[in-house]
Amino acid sequence: MPLFTSTFNPKKTPDRKSASLSSLHTLDRSTREIELGVEYGPPVMNIGGQTWKFEEGNWTSESGGGGSGREVQRLKKRNLQLEEENNLLKVKIEILLDMLTEYHLSEDDDGDVRAHLQRKN
Numbered sequence: 065m066p067l068f069t070s071t072f073n074p075k076k077t078p079d080r081k082s083a084s085l086s087s088l089h090t091l092d093r094s095t096r097e098i099e100l101g102v103e104y105g106p107p108v109m110n111i112g113g114q115t116w117k118f119e120e121g122n123w124t125s126e127s128g129g130g131g132s133g134r135e136v137q138r139l140k141k142r143n144l145q146l147e148e149e150n151n152l153l154k155v156k157i158e159i160l161l162d163m164l165t166e167y168h169l170s171e172d173d174d175g176d177v178r179a180h181l182q183r184k185n
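Each residue of the sequence shown is one higher than the one before, starting from 65 at the first, in the working numbering.
The structure is reproduced here in structure tokens:
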């Protein structure tokens, strides 16, 4: 009688049901609101006394008080100026770092030459 005659053969698992077990999709809107207890709508938030609503992929102001079109244009222009200034300052920092690196490398080279000359003398 051989020791390893039987092979492992698990039972085949039954196929999963693809249909949803929830019946909420079959209910009409009013029944769904009653069942869930909440009326779903676009997200709304209040910032600095102004109400903002997210509609069609953009935040829009609900409470028209606070920001006029002229003020928004001024802020956009100022923002653009600050971004340009920021980019210029980044370039200047990069140039200064390159200059500092070159200076230190030249100092190291001069030091190597001086040390070599002192050894010869």
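Glycine included, C-beta positions come from ideal geometry on N, C-alpha and C.
Item: Residues bridged to ASN110 [DSSP beta-bridge criterion]; Value: THR115
Item: Alpha-carbon to alpha-carbon, GLU120 and VAL108; Value: 13 Å
Item: Backbone secondary structure at SER94 - three-state DSSP; Value: helix
Item: Where THR77 sits in the DSSP three-state scheme; Value: coil
Item: Euclidean distance between Cα positions of ARG96 and SER86; Value: 12 Å
Item: Member of PRO106, GLY113, ARG138 whose CA lies at the smallest distance from the CA of TRP123; Value: PRO106
Item: Cα-Cα separation between ARG142 and GLU148, rounded to whole angstroms; Value: 10 Å
Item: Those residues which DSSP pairs with SER125 across a bridge; Value: TRP116
Item: Whole-angstrom distance between VAL136 and LEU146, CA atom to CA atom; Value: 15 Å
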